[in-house]
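Down below is the structure, laid out as structure tokens.
There are 2 protein chains.
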Amino acid sequence: MLGFDFEEERILHEITKLCAKRVLLQMPEGLKPQAPKLAKIIEKSGAIAIISADPCYGGCDIAYSEAEGLGVDLIVHFGHSKMLKDAAVPSIYVEARATVSIDEAVEKALTLLKNYTSVGLVTSVQHLQTLDQAREILTRAGKTVVIGDTGQMAYPGQVTGCNYSNAKSIEHKVEAYLFVGGGMFHALGIALSTSKPTIIADPYDNRAYQINFEARKIFNQRFACIQEAKNAKKFGVFVGLKPGQKHLDNALQIKALAEKTGKTAFLLTVREITPETLLEFPSIDAYINTACPRVSLEASGKFQKPVLTVNEFKVVCGESSWENILKKGLFEN
Amino acid sequence: MLGFDFEEERILHEITKLCAKRVLLQMPEGLKPQAPKLAKIIEKSGAIAIISADPCYGGCDIAYSEAEGLGVDLIVHFGHSKMLKDAAVPSIYVEARATVSIDEAVEKALTLLKNYTSVGLVTSVQHLQTLDQAREILTRAGKTVVIGDTGQMAYPGQVTGCNYSNAKSIEHKVEAYLFVGGGMFHALGIALSTSKPTIIADPYDNRAYQINFEARKIFNQRFACIQEAKNAKKFGVFVGLKPGQKHLDNALQIKALAEKTGKTAFLLTVREITPETLLEFPSIDAYINTACPRVSLEASGKFQKPVLTVNEFKVVCGESSWENILKKGLFEN
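Protein chains in written order, with the numbering used here: chain A, 1 to 333; chain B, 1001 to 1333.
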């Protein structure tokens, strides 16, 4: 299939190996248009192919409960690397590596990197196979290239929507970051984690641009949300239901912390946190999100009330400071 | 609490009886604003109260998988009567009976019922305790009152969003229906099931009005959706994930029927069917919904492609006819 490697042969091989009769295909929104074609390929093996049509944002969000409820033998999860250790249902991860060339976009990024000698190289799972090529282009242009590897991610240099440790860990060694990949999402995360100049080399649009203005806007919004939440009396503490977003113990600690500082707190369990979710609880003044920190950061403007990350709530309670968040970035504890 | 009976004492008694440590509160959108108060009452027992903040539309949609995932001992499900026989997690149903008086609204309905002698009396679970009072007002005005009881529902005279058997079963005995309750939702279901005049006595607004014009509009939309789907080549067959909406065998039969008539069909599993869900699958021309028939009927205008009920798809395939649907109503098989 055009644009990405869907590893159809490996999938069919796994189905045969496991004698899987019911196969659940799960993928993020950008890949869903390909799902019907992939289902047809899987049907060739004789298995029943079921497409998960619910939203999916990451490796944290693997469809174990859907699979268990439908007697599925194998989950094929596309577009993310493996994140959770224990599998409730046999699962394979098809990372959907992009086939697009990155050369032109990285060459164009050199102009934006001209004032920096040491560059941190970072990418999403789709473009990991291009890191060597990107490194070569940068080295040829005289840059010192640093690729982080904290061991937290599946691969060196990889970032996901909520984990920028491979970028953060090399902060002191680099003057700027180059993110290879499409869209602002991951690069914005780097800029929110490190406060260093962050350049995107987008191989789909074949262009390069800097992202720090957008990050500053989000920092300003987050600061305003924290200030607003300081006046809140009643807090809703979101507990995620997706396998990698379920942190009930953390939510209970946060509720206890809120109550210790004279606030009232309620536990709210959710699959998706949407603006509509908040409208159902008019008596709640602000929310603390223990599920997916990215939802808080991306959607400030959409939510009618502050939806804080755990770190931000600690600032509200006086257990941390805004300066500390700026130093550690919006994702680290 | 004002307006509804939340049976706080029964809930606390059940928590003590079961020694429940974690209690999940689940309720439809209209009752969610009361959830924080109810959570505080439950906390008095020493149990942890967790509010389910995801959408909930009926007794079919009980939060077993949420409860199992969070180690919950007891689900308190508000606003619906028990629908599913087997409970995966201990559950109690608090039907949230309304305390509002129905007298004025039913008196007002008499004018609209003046041309009919025999009246089918129907209500939602919130107002079941007022059926005797409503019957008395109608009888005093010279009406013959009929209350259906097919044994499919928890109570005689009760209808839910997708089951109108208590209305349908008395169709040949009545000239019109009186629905006692708020909003158009249930009354519209009666009109879509029976094609008899249907009057609402709304005790919240203290007014009475007829609903058949809105039902005709929906019948027209449904007919148009069926016509449009006759040109469709690729169908998505929705399989619900909520406990009472999970009909994989039915979906497999529908897929086989589609394929028998030369169409292509894909199984799509979903928690919520939204307009956004459809946008992810541009190659699919039309959908068949084995999850919640009401979603198809209510939201015609919102969806960019036809989302047919199973019965409607049988018309597309020539296994049933539009006349048959008109006769049986939009909910019966």
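Every residue, glycine too, gets a C-beta built ideally from N, C-alpha and C. All of these numbers come straight from a predicted model, not from anything done at the bench.
{"query": "Cβ neighbour criterion (16 or more within 10 Å) applied to A:Ser118", "result": "exposed"}
{"query": "With 16 other Cβ atoms within 10 Å as the buried cut-off, status of A:Lys143", "result": "buried"}
{"query": "Where the stretch 1283-1312 of chain B meets chain A: residues whose CB sits under 9 Å from a CB there", "result": "Ser1283 and Ile1284"}
{"query": "Proximity below 7 Å, CB of B:Ser1296 to CB of B:Thr1309", "result": "yes"}
{"query": "The stretch 86-104 of chain A in contact with the stretch 4-21 of chain A per 3-pair CB rule at 8 Å", "result": "yes"}
{"query": "Straight-line gap, A:Ile137 to B:Glu1272 (C-alpha atoms, nearest Å)", "result": "46 Å"}
{"query": "Minimum Cβ-Cβ distance from A:Ile41 to chain B less than 7 Å", "result": "no"}
{"query": "At least three beta-carbon pairs within less than 8 Å, the stretch 166-179 of chain A to the stretch 12-30 of chain A", "result": "no"}
{"query": "First through last residue of the alpha helix (DSSP H) which encompasses A:Asn115", "result": "Where A:Asn115 is concerned, there is no enclosing alpha helix (DSSP H), given that its DSSP letter is neither H nor E."}
{"query": "Check whether B:Thr1139 and B:Val1145 have beta carbons under 7 Å apart", "result": "yes"}
{"query": "A:Gly3 - DSSP class collapsed to helix/strand/coil", "result": "coil"}
{"query": "In chain order, each beta strand (DSSP E) run of at least 3 residues that lies wholly inside the stretch 1115-1159 of chain B", "result": "1118-1123 and 1144-1146"}
{"query": "Contacting positions in the stretch 51-68 of chain A - beta carbon closer than 7 Å to chain B", "result": "Ile51, Ser52, Ala53, Asp54, Ser65 and Glu66"}
{"query": "Short Cβ contact (7 Å threshold) for B:Ala1286 with B:Phe1235", "result": "yes"}
{"query": "Beta-carbon gap between A:Ile200 and A:Phe213 smaller than 7 Å", "result": "no"}
{"query": "Within-7 Å CB hit, A:Arg271 to chain B", "result": "yes"}
{"query": "Chain B contact residues for A:Leu248, given Cβ-Cβ distances below 7 Å", "result": "Leu1070"}
{"query": "Selection from A:Thr274, A:Lys230, A:Ile11 and A:Ser195 that minimises the alpha carbon distance to A:Ser91", "result": "A:Ile11"}
{"query": "For A:Cys317 and A:Asn250, the rounded distance between their alpha carbons", "result": "16 Å"}
{"query": "Nearest-angstrom Cα separation, counted from B:Ala1229 out to A:Met83", "result": "41 Å"}
{"query": "Cβ separation of B:Ile1254 and B:Phe1313, assumed to be a contact under 8 Å, to the nearest whole Å", "result": "6 Å"}
{"query": "The stretch 1068-1100 of chain B: positions lying closer than 7 Å to chain A by Cβ", "result": "Gly1069 and Leu1070"}
{"query": "Spatially closest choice to B:Asp1132 from B:His1186, B:Pro1156, B:Thr1150 and B:Phe1266, by CA coordinates", "result": "B:Pro1156"}
{"query": "For A:Ala251, the first and last residue of its enclosing alpha helix (DSSP H)", "result": "Leu248 to Lys260"}
{"query": "Check whether B:Cys1060 and B:Pro1028 have beta carbons under 7 Å apart", "result": "no"}
{"query": "Per-residue DSSP class, three states only, for A:Gln34", "result": "helix"}
{"query": "Cβ-based contacts, 9 Å cut-off: residues of the stretch 1118-1152 of chain B near chain A", "result": "none"}
{"query": "Residues in the stretch 1236-1263 of chain B having any Cβ partner in chain A nearer than 8 Å", "result": "Gly1236, Phe1238, Val1239, Leu1241, Lys1246, Leu1248 and Leu1252"}
{"query": "Residues of its chain near B:Ile1190, where Cβ-Cβ distance is below 7 Å and the 5 sequence neighbours each way are ignored", "result": "Val1122, Val1159, Tyr1164, Ala1167, Tyr1177, Phe1179 and Thr1198"}
{"query": "When A:Ala232, A:Gln221, A:His186 and A:Cys225 are compared against A:Gln210, the one with the closest alpha-carbon", "result": "A:His186"}
{"query": "Boundaries (first-last residue) of the beta strand (DSSP E) holding A:Lys234", "result": "Lys234 to Gly240"}
{"query": "Beta strand (DSSP E) segment containing A:Thr309, residue limits", "result": "Val307 to Thr309"}
{"query": "Endpoints, alpha helix (DSSP H) assigned at A:Asn220", "result": "Asn212 to Ala229"}
{"query": "Through-space distance from B:His1013 to B:Lys1044, alpha-carbon basis", "result": "12 Å"}
{"query": "Alpha carbon of B:Lys1328 to alpha carbon of A:Tyr93, nearest angstrom", "result": "47 Å"}
{"query": "Residue span of the alpha helix (DSSP H) that contains B:Ala1191, given as start and end", "result": "Phe1185 to Thr1194"}
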